[in-house]
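Just add 395 to wherever you are in the sequence shown, counting from 1, and you've got this note's numbering.
What follows is one structure encoded as structure tokens, with my remarks underneath.
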Amino acid sequence: MKDRKALIFDVDGVLVDTSRSFPNVVFTAIQWWSKYKLGLSIDCRPFGEEHYKITKNHPSFNDDYDIAWAFISFLSSRKAKKLSENRITPAEWSRILSSCKEDNPIPWVYSTFKSAPEREKVRRLCEEIYFGKDALQNINGRSPQNIFARGLWHLESPNITTHWSQFDLPVGIYTGRSRFELKLALEILGWSDLPEEHYVTSDMGITKPSPEGFYILSKTLKFDSIYYFGDTKSDLEAFKAYGKGTFFAIGNYLEGYPNSFENLKEALAFLFARKLACPK
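As structure tokens, then:
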């Protein structure tokens, strides 16, 4: 029996360059919350690129908003008047994260940081930073409460120019984005016509590292195994749990993984050269 293949993509860092959007959503949310909710003097940025990379590599923190929430919860549990008094090294932050063993980090955050704020409040702040006033109202249907600037999603760009319909294999998306965030990504890609049954989003109640998203897509796209393109530990863990196909590591979060490519174009070129998934 023929093995039916499909191309399944993560979005952030894979289909779309988010290097200037989501990391800055996290940094901005931490600074804003520290000033306006915790009353701290803003004299430094305690959470930097290396802290972000370490957290992103943890399989429980595929969701950038949860990264911001976790560090804000850490800050909320400290007694300090200045952000500089809350500085910890990336290695120290990594040791704290190492105690999180669950796929779902929510119980861990609440149990580890007793003064953790409500998760939903931090998420709403992150949404305002990411979407901006106009997109929040037009796509998400709500008005901002705190942030009225232009959304950071405008800083994103597509990593490929090929339309999804040009591939000779079924195309699907398994992402940690909500359907509202995915709508913006598809607009950036020129894939706004991708049918809903071709993607799985976080607000469906399915999040990586669970492999459930692959099983849902297999029912609609009729595949037996996949070529999955991801960039984080949670992507890799989800694929391993699924166990059918080939995983392509994109970017530098999964350093040392044998099947790694600098970007999606290189990974697809590798497949095209082997005549596995050529555009029509």
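The C-beta atom is built at its ideal place from N, Cα and C for all residues, glycine as well.
query	result
G527 beta carbon less than 8 Å from that of R514	no
Run of the alpha helix (DSSP H) containing F667, from where it starts to where it stops	L659 to A668
Buried or exposed by the 16-neighbour rule on C-beta atoms within 10 Å, applied to T556	exposed
Residue interval of the alpha helix (DSSP H) (run including F643)	Run containing F643: none in the alpha helix (DSSP H); it sits in the beta strand (DSSP E), G640 to I645.
7 Å Cβ shell around P606 - same chain, five flanking residues per side excluded	A633, A636 and Y637
Buried or exposed (CB count within 10 angstroms, at least 16 for buried), S629	buried
Span separating the alpha-carbon of I462 from that of G408	16 Å
Where F422 falls, given that 16 or more other Cβ within 10 Å makes a residue buried	buried
Every unbroken alpha helix (DSSP H) within the segment 511-595, with a cutoff of 4 residues, ordered by chain	514-530 and 574-584
For F456, the nearest candidate out of F624, N658, P418 and A580 (CA to CA)	P418
Cα-Cα separation, R482 to I437	12 Å
Secondary structure, alpha helix (DSSP H): runs of 4+ residues fully inside the segment 417-443	417-431
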